[in-house]
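Chemist: This is the structure, below, for whatever I ask next.
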Amino acid sequence: MATLVDVIFLGTGTSGCVPNINCLTDPRKQCRVCLSSVTPEGKRNKRRNTSLLVRFRSHGDAPGARLRTVLIDCGKTFYESALEWFPHYGIHQLDGVILTHGHADACFGLDDLRPWTLNPSIGSNIDIYLASETMETVQTTFPYLVNSSLATGGGDVALFNYHIFDRHSSFTIHGLEFTPLPVHHGIYFTTNEPYWCYGLQFAGISYISDTNHIPDDTMERMNGKTRLLVLDCLRDSKSHPSHFGLEDALKVARKLKPARTYLVGFAHKTDHYEIREKLGLLENSENLSASPAWDGLRLALDTAMITEDSGDRKQVNVCN
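Shown next as structure tokens:
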């Protein structure tokens, strides 16, 4: 058993991130969102690869022990995010990593986990939880992270213990139960079969970072069990072949009726502040509580309230 304390958004953007280098170097200066992301007033438009930290108290630990920390996805910008937010929130150790799928923005930061396994004060290895198809991607992309005898150079590589989860079965990390939420995330172009991504349900949170379609049985797993919904939303417009648009995400939120919804995975033409204002109007007209998440956002969840910590220590209670 475990008690959830908080979650921290390490990243809330797409694989390409925001700002886009092409937009910053374009002499025409046409992309308003990318240009604003490098200014203090537009800082919430700066988005790294979508990733979440989950912190909780394990009931098996001694009183006063540190919080347990699990990382969901470790993409290309993980280390950059860790440099900014781990010191800020006092995070030193990782107790597990869950990979939702095998795309670069979910797993290409695995090599950067070596400081968490090569430092005796932190640990000697990390447990990685992933689906079998994601394991195949990791084995192909990082063979030396699966079999360390394949390492070259000095041989200092991250050391992992891999755990393959079943899409139909829950698994537990230090007492906190995670249930996979299988969703479509585009297709395999060779077969037209759906490419599967695995959202996660834990402690009343349903977390789906990448999807263009949620099957009925997955919706059923979330129905009535979702206090907080975190959901993919590429843009404030129509659907994408591998991602939800805003209306897709809101349709799911209306069905599940969580206390609060946070949207992640925004592309570089989607303005945080405009989306937040638009969602605020829906809260007034429909009683639909939703907001775009942003990098560094911490949600305190260990009381009846959901409390936003914006990263600059300004806290706001957003709902019961």
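Be aware that the sequence shown starts at 1, since it is given in the UniProt record's numbering, and climbs by one per residue. Each residue gets a CB set at the ideal place from its N, CA and C atoms; glycine is no exception.
Please name the residue, chosen from Pro182, Ala106, Phe178, Gly96, that lies closest to Gln201 on a Cα-to-Cα basis.
Modeler: Gln201 has its Cα closest to that of Phe178, out of Pro182, Ala106, Phe178, Gly96.
Chemist: So Thr50 and Asp105 are supposed to be a Cβ contact under 8 Å. How far apart are they, rounded?
Modeler: Rounded, the Cβ-Cβ distance is 7 Å, consistent with contact.
Chemist: For Thr3, tell me which candidate among Gly204, Val318, Thr307 has the shortest Cα-Cα distance.
Modeler: Of the listed residues, the one whose Cα sits closest to Thr3 is Gly204.
Chemist: Pick helix, strand or coil for Pro194, following the three-state DSSP scheme.
Modeler: In the structure shown, Pro194 sits in a strand (DSSP, three-state: E or B).
Chemist: Give me the Cβ distance between Ala259 and Arg227, rounded to the nearest whole Å; I'm assuming they're in contact under 8 Å.
Modeler: Contact flag correct, Cβ pair sits at about 5 Å.
Chemist: Could you tell me the distance, in whole angstroms, from the CA atom of Phe160 to the CA atom of Leu110?
Modeler: If I take the Cα positions, the gap works out to 10 Å.
Chemist: I need the straight-line Cα distance from Arg48 to Leu150, nearest angstrom please.
Modeler: Approximately 31 Å, taken between the alpha carbons.
Chemist: Would you list the residues sitting across from Ala290 in a DSSP beta bridge?
Modeler: Per DSSP, Thr261.
Chemist: For the ligand ATP, is there a heavy atom less than 7 Å away from the beta-carbon of Arg57?
Modeler: Although the ligand ATP was asked about, the structure shown includes no ligands whatsoever.
Chemist: Taking a contact to mean a Cβ-Cβ separation below 8 Å, would you say residue 321 touches Tyr262 in this structure?
Modeler: Nothing can be reported for residue 321, as the shown portion of the chain is limited to 1 through 320.
Chemist: Report the rounded CA-to-CA distance for Asp95 versus Trp196, giving the unit in angstroms.
Modeler: Straight-line Cα distance between these residues: approximately 25 Å.
Chemist: Measure the CB-CB distance between Thr134 and Gly102 and report whether it falls below 8 Å.
Modeler: Yes.
Chemist: Tell me, which residues are paired with His243 by DSSP?
Modeler: Bridge partners of His243: His240.
Chemist: My parser needs the beta strand (DSSP E) runs of 3 or more residues fully inside the stretch 30-78; what are they?
Modeler: Here the runs fully enclosed are 51-58, 68-72.
Chemist: What does DSSP give as the partner residue(s) for Val138 in the beta ladder?
Modeler: Its beta-bridge partners do not exist; DSSP assigns none.
Chemist: Between which two residues does the alpha helix (DSSP H) carrying Thr25 extend?
Modeler: 21-25 is the extent of the alpha helix (DSSP H) around Thr25.
Chemist: Leaving out five residues on either side along the sequence, give the residues of the same chain with a beta carbon under 7 Å from the beta carbon of Ala300.
Modeler: The residues are Asp6, Thr307, Asp309.
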